[in-house]
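Working notes, structure below.
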Ligand code: DGL
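Residue numbers (my numbering): 1449 to 1711.
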């Protein structure tokens, strides 16, 4: 047993989909979350900038008594994972690996689609992770820069025709290739899962947030590092805590935690 914190960081608010998945899979876990709202979004930044920011994020969380670190941001995991792993002795979990593994296991025609931010797609991290698992899988990717702002504006419900049209446009080239599985390779996209289902009812949809939580559960169980008591969950941001507190309900129903400013 180990009741120390799981530290989770993200470029901003979207990492709350990973926190939500962890809370559901592991309700006793003590979590400290850091969202770099000051520098969000990461998805349109250069790799060198993303690495520096991810290092700062991990350093902030290092001040807490952590038993594991989770890189919730797909963009940061895709680009800065190796750097972060070198900084830490504790287990470092990400989103790209678990989602890739799940997709390879579930795809029958070995054609997998990936949607993510521009930086994450340009890094080819998903492609590399999938090919490492099974080199016979064909990976078709598309960067979707308009989706994060649409989700943050709350425009992800069934009646948001504009979002649906934009999403359909992003998915079309992947569906035309005959993918049978699609990785939602961004913290925000699990909120678009219903819309994806309406556009492409016959494909498997893999949430990177969900896949990450399942991997964390499996590994912490194996390592006998699960917590047996929920003591607290803490939420920090690098700017505008009120903004995150307000938007957080989009990602976690009835979010009623205090959001604090990073010191
Ligand atoms: N958290 C980012 C990701 O999962 C999306 C938002 C951003 O671009 O920073 O890739």
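For glycine and all other residues, C-beta sits at the position ideal for the given N, C-alpha and C. Quick caveat: nothing in here was measured; it's all calculated off a predicted structure.
- In the three-state reduction of the DSSP assignment, residue 1520 falls in the coil class.
- Within the region 1587-1653, the complete beta strand (DSSP E) runs of at least 3 residues fall at 1629-1632.
- Taking a contact as a CB-CB distance under 8 Å, the pair residue 1631 and residue 1551 counts as one, their CB atoms being some 5 Å apart.
- Of the heavy atoms belonging to the ligand DGL, at least one sits nearer than 7 Å to the Cβ of residue 1596.
- Boundaries of the beta strand (DSSP E) around residue 1456: 1453-1458.
- The shortest CA-to-CA distance from residue 1669 to any of 1502, 1515, 1487 is the one to 1515.
- Contact annotation: residue 1675 and residue 1628 have beta-carbon atoms that are not nearer than 8 Å.
- Cβ atoms of residue 1568 and residue 1491 come within 8 Å of each other, at about 7 Å.
- Partner residues in a beta bridge of residue 1466, as assigned by DSSP, do not exist.
- When C-beta atoms of the region 1601-1616 are compared with those of the region 1527-1547, fewer than three pairs fall below 8 Å, so the two segments do not count as touching.
- In the DSSP assignment, residue 1560 falls within the unbroken beta strand (DSSP E) covering 1559-1564.
- Closer than 7 Å to some heavy atom of the ligand DGL: that describes the Cβ of residue 1521.
- Within the chosen limit of 7 Å, the ligand DGL reaches the beta carbon of residue 1490 through at least one heavy atom.
- Straight-line spacing of the CA atoms in residue 1477 and residue 1451 works out to 7 Å.
- For residue 1574, the secondary structure class from DSSP, reduced to helix, strand or coil, is helix.
- Under the DSSP assignment, residue 1545 falls in the alpha helix (DSSP H) whose first and last residues are 1544-1554.
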